[in-house]
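Structure, as structure tokens:
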Amino acid sequence: MKRKNYFTTGDGTYKGINARFTDAEGYEFEVQFHTADSFKAKAQTHLLYKEMQLAQNRLEKEQQKNPPNLDRQAKLTNDLAKYTNAMREIMTAVNKPARVESLDGRS
209 MKRKNYFTTG DGTYKGINAR FTDAEGYEFE VQFHTADSFK AKAQTHLLYK
259 EMQLAQNRLE KEQQKNPPNL DRQAKLTNDL AKYTNAMREI MTAVNKPARV
309 ESLDGRS
């Protein structure tokens, strides 16, 4: 099992604990653990997350062009910052669960 505690790490755009498991046949799956507040915030940021992914993909494609459109790159970079900041703003309302730090470093 691999686990990431986004209550104590990460860039502030997501709060939760993600655990990745592998079953006996090698199939990987992920389980997300949330508090009521972090689950609500995740739902509120979902569209922003999708928009951020789309902007990131477009920026990567634009950077590969020869020559790249610098104005388009600047707009996409600005969009990424806007989505990230909006997600962080929503996540600031999510409190860390008591003793969640005690999960860090355990597998």
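Position in the sequence shown (from 1) plus 208 gives the number in the numbering used here. Glycine included, C-beta positions come from ideal geometry on N, C-alpha and C.
Endpoints, beta strand (DSSP E) assigned at residue i
i	result
M238	As written in the sequence, residue 238 is Glu, which differs from the Met given in the question. Here the beta strand (DSSP E) through E238 covers E236 to F241.
Nearest neighbour of residue i, chosen from the options [CA to CA]
i	options	result
L256	M209, L311, F215 and R296	R296
A294	K250, N274, K283 and D279	K250
K304	T292, A282, Q252 and H242	H242
R211	A232, E236 and K283	E236
Continuous alpha helix (DSSP H) stretch holding residue i: start and end
i	result
F247	A244 to Q272
R296	L278 to M299
Cross-strand partners of residue i (DSSP beta bridge)
i	result
T230	E236
R211	A227
Residue burial classification, residue i (beta-carbon count within 10 angstroms, cutoff 16)
i	result
F215	buried
M260	buried
Exercise for the section: Mind the definition here: the stretch 285–296 touches the stretch 256–268 only if three or more C-beta pairs lie below 8 Å; say whether that holds. Expected result: The stretch 285–296 makes contact with the stretch 256–268, as at least three CB pairs between them are under 8 Å.
Practice task
Check whether the stretch 210–230 touches the stretch 305–314, counting contact only when three or more Cβ pairs, one atom from each stretch, lie closer than 8 Å.
Solution key: Judged by pairs of C-beta atoms under 8 Å, the stretch 210–230 touches the stretch 305–314, as three or more such pairs exist.
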